[in-house]
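Per my numbering, residue 82 is the first one in the sequence shown, and the count goes up by one each step. Contents: one structure, followed by commentary.
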Amino acid sequence: MDPAQLDWPALDRLREIFLRGAPATEPYWRGPADLATYDATFAERIGWKWDAALAGLARRGWRPGSGAAGTAEKIPVLDWGCGSGVAGRRVIAALGVENFSTLRVWDHSPAAREFAAGRARAAFPGLEVEEWHDDGTAPAGLLVLSHVLNELTAPARAELLALARRARAVLWVEPGTHAVSRELIAVREVLRDTFSLVAPCPHQGACGLLTPGNARHWCHFFAPPPANLQADAGWVKFGQRAGIDLRSLPYAWLALERPAGAPPPAGTARVLGRAESFKGYVRLLSCSAEGVEELELQKRADHALYRRLGHATAHPPYRWHRAAGRITGATEAWDG
Ligand SMILES: C[S@@+](CC[C@H](N)C(=O)[O-])C[C@H]1O[C@@H](n2cnc3c(N)ncnc32)[C@H](O)[C@@H]1O
Numbered sequence: 082m083d084p085a086q087l088d089w090p091a092l093d094r095l096r097e098i099f100l101r102g103a104p105a106t107e108p109y110w111r112g113p114a115d116l117a118t119y120d121a122t123f124a125e126r127i128g129w130k131w132d133a134a135l136a137g138l139a140r141r142g143w144r145p146g147s148g149a150a151g152t153a154e155k156i157p158v159l160d161w162g163c164g165s166g167v168a169g170r171r172v173i174a175a176l177g178v179e180n181f182s183t184l185r186v187w188d189h190s191p192a193a194r195e196f197a198a199g200r201a202r203a204a205f206p207g208l209e210v211e212e213w214h215d216d217g218t219a220p221a222g223l224l225v226l227s228h229v230l231n232e233l234t235a236p237a238r239a240e241l242l243a244l245a246r247r248a249r250a251v252l253w254v255e256p257g258t259h260a261v262s263r264e265l266i267a268v269r270e271v272l273r274d275t276f277s278l279v280a281p282c283p284h285q286g287a288c289g290l291l292t293p294g295n296a297r298h299w300c301h302f303f304a305p306p307p308a309n310l311q312a313d314a315g316w317v318k319f320g321q322r323a324g325i326d327l328r329s330l331p332y333a334w335l336a337l338e339r340p341a342g343a344p345p346p347a348g349t350a351r352v353l354g355r356a357e358s359f360k361g362y363v364r365l366l367s368c369s370a371e372g373v374e375e376l377e378l379q380k381r382a383d384h385a386l387y388r389r390l391g392h393a394t395a396h397p398p399y400r401w402h403r404a405a406g407r408i409t410g411a412t413e414a415w416d417g
């Protein structure tokens, strides 16, 4: 990243807005320079979270509509609350531009819509890209949502949920904070009668984090930052000025689809957050159809797994081998 290209006062102003995290009643983008600076910094960092989420879907061989037999037709992507459009671009690049008929962008800021559409046209020259306006009935195709939840007023949120019900699939990435993750869980609970839960949930039932004993926990994961980030003077300056630890990329996410694809194999469990390493054992929060529970693995039970759980930023879905309430080993729930 070239720090000379960035509009630092614009970044400072945006940082203040994001830190406040209050519902936005009017657009805060002042023009293309704001959006270009955001796209190179905050949005790029959001893109790393998308990369992690999309890698998880790729491991599972997921495609939008892949749950339905013979639904190979191209579908539109709608990036709602698009900002500079990083989420729509990451999704299309990861899932394959050939699988999509159109990219539609929507933001209540006209400057954001224009910027996102322009960047997408440059990235995917053959793809039809258009600014979208909701007529209240049109199907939403693959709905892409990124870092919008805490900016929405109650009516905007209701409007968005009504739109989501018209989607074939929804991919939604948010910051991995307790508060926003909990809001995303509330969305999950509202939408799970309409959609099947593809990820990260290993089951279709009520979220196990909603039990009173789990109130202090939240559903979040960590994306790996790019290698050598700390050697890039531009990123280091951005991290310092924005007050962000670039090494830590917590995110919360949801992938929903209909019709339902193959459910995860029975016994699939997700590691929530980070596993904690202690001398001789690791402790982690495991989410499965049986609920959310703290589990431990003794180093002596499976040394390789102990190391992996203690060191990895991102964990694949596992099926635990257990004895006497402890993990004794694990197999990955799906490979490839
Ligand atoms: C933090 S930015 C995220 C932008 C982009 N999705 C990303 O991940 O980089 C939130 C975006 O939501 C937009 N937004 C906020 N409230 C909105 C609303 N009611 N309708 C449409 N867009 C909205 C803002 O203009 C802004 O572009």
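The beta-carbon is built from N, C-alpha and C at its ideal position, and this holds for glycine as well. It should be emphasised that the depicted structure is a prediction, and the values quoted were computed from it without experimental measurement.
{"Check": "Straight-line Cα distance separating residue 195 from residue 209", "Outcome": "14 angstroms"}
{"Check": "Residue 306, DSSP secondary structure in three states", "Outcome": "coil"}
{"Check": "Residue 188 Cβ short of 7 angstroms to ligand 1 heavy atom set", "Outcome": "yes"}
{"Check": "Expected contact under 8 angstroms - CB spacing of residue 386 and residue 375 to nearest Å", "Outcome": "Not really, about 17 angstroms apart at Cβ, beyond 8 angstroms."}
{"Check": "Nearest residue (CA-CA) to residue 265, options 337, 411, 175", "Outcome": "337"}
{"Check": "With 16 other Cβ atoms within 10 Å as the buried cut-off, status of residue 98", "Outcome": "exposed"}
{"Check": "C-alpha gap between residue 237 and residue 359, whole angstroms", "Outcome": "45 angstroms"}
{"Check": "Residue range of the unbroken alpha helix (DSSP H) whose run includes residue 311", "Outcome": "Here residue 311 belongs to no alpha helix (DSSP H), and DSSP marks it neither H nor E."}
{"Check": "Same chain only: Cβ atoms within 6 angstroms of residue 96, ignoring 5 sequence neighbours per side", "Outcome": "323"}
{"Check": "C-beta contact flag for residue 242 and residue 279 at 8 angstroms", "Outcome": "no"}
{"Check": "Selected residue, minimal CA-CA separation from residue 104, among 234, 316, 286", "Outcome": "234"}
{"Check": "Contact check, residue 185 vs residue 159, beta carbons under 8 angstroms", "Outcome": "yes"}
{"Check": "Cβ-heavy atom distance, residue 368 to ligand 1, below 7 angstroms", "Outcome": "no"}
{"Check": "Residues near residue 348 in its chain [Cβ-Cβ closer than 6 angstroms; skip 5 each side]", "Outcome": "400"}
{"Check": "8 angstroms Cβ cutoff met for residue 83 and residue 315", "Outcome": "yes"}
{"Check": "Segment contact flag, the segment 130–148 with the segment 107–117, C-beta cutoff 8 angstroms, min 3 pairs", "Outcome": "no"}
{"Check": "Where the beta strand (DSSP E) containing residue 256 begins and where it ends", "Outcome": "248–256"}
{"Check": "In DSSP terms, what residue 96 is bridged to", "Outcome": "In DSSP, residue 96 forms no bridge with anything."}
{"Check": "For residue 130, the nearest candidate out of 356, 162, 301 (CA to CA)", "Outcome": "301"}
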